[in-house]
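Reading through the structure tokens given below for one structure.
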Amino acid sequence: MPGLLTLTPHAHGIDGCATRLDFMTDRFEEYQERFQKMEEALKNTKRLIVLTHDNPDPDSVSSAVTLAYIIKNKFKIPTTVKYGGIVGRAENRAMIRVLNLRVSLLSDTDFKPGVDFAVVDMQPNTGNSSFPKNRKPLIVIDHHALRKTTRAEYIDVRTNYGATATVLTEYLVESGLEMTSQLATALSYGISSETQDLGREAGEADIKAYLSLFPKSNKKLLANIVHPRLPRDYYITLNRALHHSLLYRNVIATRLDEVKNPDFVPFIADFMLRCERASWAICLGRYKEKIVLSIRTTNTKGEAGRFLRRLVGKRGTAGGHEMIAGGQIPTAKMEHEEITKLEDEIVQAFLKKLGHSEAADMTPLLTPEPITA
Ligand SMILES: [Mn+2]
């Protein structure tokens, strides 16, 4: 039967030991071909860096460490994982710490001759990528819409997948390499966090991958990742978010001003979208001379990525999927008031694009009794 997954009786190792999965699939040949092409792309590579997008999330970190594991073990090429920006969200930091994942900050000296690159969960020339414009990666594995400018020896972009971690789970299973508890835990968290527990933008492939990982993931470590200890910044930012959120009909807008780490922006957007009335949320923060933006929608066909790209226009960069999107606008040469004015304009343009009249009166989220028009 195609795609049937069977577990050996001893597969539920409670000690976290890796056990073998008998994965009967109809995709063996497809993946043999993929691995051949990947090997071909890497034929002159002496050293490889797998790069995540900036401020990496669990999807990109788990994908990167898995690709590095496969390339190291299957093709015997020394491979390291690097990221740009910072790892901000408490869960993401916990994931790297408790699973002891080897990832480090990218530096300019990494772009020396003799080092090749693979990029995951992103494509070059996007706003959230530190990959230089004048270089071409060897490998691109992603689930965002394929960009016209994306060039690489080996490209695997699957927009119908909810998570890049799902793509890498398939590679790992089909590689015949051992599925370690460390990777199973990382990938299962990558998939569940990216898809909000398989409820957002997840398809059959994501569910199947998750089910194959779950028995081998370490539940105790997973719990430590999902429920990490939180820094005071978290509460301070949450307080500010609550006091700076405005509602207008089905829209909620939050302006955080300066944030200690840019991951607060998507986190708050997710949190605010849970407000009963909201079907669209926008969150803006300022970080390192940039306005960082996130939008979220409950509309499964919301085209959030396209929406935000239009909203940001030539002022910056943006990208995303149907229900989630992120972007940034450089503000290096702008005065404080100019930035504030620009943020005002963005929120108004956001409302207008959603069909609400301009200069809509927004009500503070924390108004004791919401004033209805
Ligand atoms: Mn992703």
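Using numbering that gives the first Met the number 0, read the sequence shown as starting at 0 and increasing by one per residue.
Where is the CB? At the ideal position from N, CA and C, for every residue including glycine.
A quick note: this is a predicted structure, and the numbers were derived from the prediction, not measured.
Asked	Found
Decide yes or no for the touch test of the stretch 167–183 against the stretch 207–218: beta carbon pairs closer than 8 Å, at least 3 of them.	yes
Could you check the C-alpha separation between K300 and L310 for me, to the nearest Å?	17 Å
What residues in its chain sit with their C-beta under 7 Å from that of K135, if we drop five residues either side in the sequence?	R150 and A151
When you measure from the CB of K193 to every non-hydrogen atom of ligand 1, does any distance come out below 6 Å?	Strictly speaking, residue 193 in this sequence is Glu, with Lys absent from that position. For ligand 1, at least one heavy atom lies less than 6 Å from the Cβ of E193.
Buried or exposed, going by whether 16 or more other CB atoms sit within 10 Å of the CB of D21?	Because the pLDDT at D21 is just 47, under 50, the model does not fix this residue reliably, and the point stays unresolved.
Ordered along the chain, which non-local residues of its own chain (more than five positions away) have a Cβ less than 7 Å from that of P123?	F130, P136 and T149
So, helix, strand or coil for Q35, using DSSP?	helix
Hey, how far is the Cα of V291 from the Cα of E28?	43 Å
Report whether the distance from the Cβ of T168 to the nearest heavy atom of ligand 1 is below 6 Å.	no
Out of I281, C274, G198 and R314, state which residue places its alpha-carbon closest to the alpha-carbon of A162.	G198
Short check: CB of R305 to CB of I323, under 7 Å?	no
What are the boundary residues of the alpha helix (DSSP H) that includes R96?	A89 to V97
Where does A277 sit, in a helix, a strand or coil, going by DSSP?	coil
Any idea if T366 is buried or exposed, counting beta-carbon neighbours within 10 angstroms, 16 or more meaning buried?	exposed
When DSSP labels each residue in this structure, what does R364 get in the three-state scheme?	In the sequence as displayed, the identity of residue 364 is Leu instead of Arg. Residue state, collapsed to three classes: coil.
For ligand 1, is there any heavy atom lying closer than 6 Å to the beta carbon of D343?	no
Need the endpoints of the alpha helix (DSSP H) that T184 sits in, please.	S180 to E193
Measure from the alpha carbon of L66 to the alpha carbon of each residue in P57, T44, D269 and V80, then state which is nearest.	V80
Consult DSSP for R305 and reduce its assignment to one of helix, strand or coil.	helix
Taking 7 Å as the CB-CB limit, is E337 close to chain B?	No chain B appears in this structure, which consists of one protein chain only.
Counting Cβ pairs, one atom from each stretch, are 3 or more of them under 8 Å apart for the stretch 191–209 and the stretch 231–251?	no
Quick one: measure Cβ to Cβ for I154 and V139, integer angstroms, because I've assumed they're closer than 8 Å.	5 Å
What residues in its chain sit with their C-beta under 8 Å from that of D53, if we drop five residues either side in the sequence?	Y82, G83, G84, N127, S128 and S129
From R19 to V172, what does the alpha carbon distance come to, in whole angstroms?	Because R19 carries a pLDDT of 42, less than 50, the predicted location of this residue cannot be relied on, and no value is offered for it.
For K332 and E342, I'd like the C-alpha separation in whole angstroms.	15 Å
So, helix, strand or coil for M23, using DSSP?	In this prediction, M23 scores a pLDDT of 49, lower than 50, which makes its location untrustworthy; the coordinate-derived value is nonetheless stated afterwards. The answer is coil: DSSP assigns M23 none of H, G, I, E or B.
If you run the structure through DSSP and keep just helix, strand and coil, what is D107?	helix
Which one of P112, I190, V156 and S191 has the shortest CA to CA distance from V119?	V156
Here's the rule: buried if 16 or more other CB atoms are within 10 angstroms of the residue's CB, otherwise exposed. What is F263?	buried
Inspect the beta-carbon positions of A185 and S61 and report whether they are closer than 7 Å.	yes
If you run the structure through DSSP and keep just helix, strand and coil, what is G161?	coil
Return the Cβ separation of F116 and L50 in integer angstroms, given the expectation that the two are a contact with Cβ distance under 8 Å.	6 Å
For I267, which option in T236, I224, E321 and K289 has the closest C-alpha, if you only look at C-alpha atoms?	T236
Give a yes or no on whether the C-beta atoms belonging to N249 and S278 are separated by under 7 Å.	yes
Nearest by alpha-carbon distance to S174: which of Q35, I190 and P57 is it?	Q35
Which residue's Cα is closest to the Cα of P363: S356, R254 and K340?	R254
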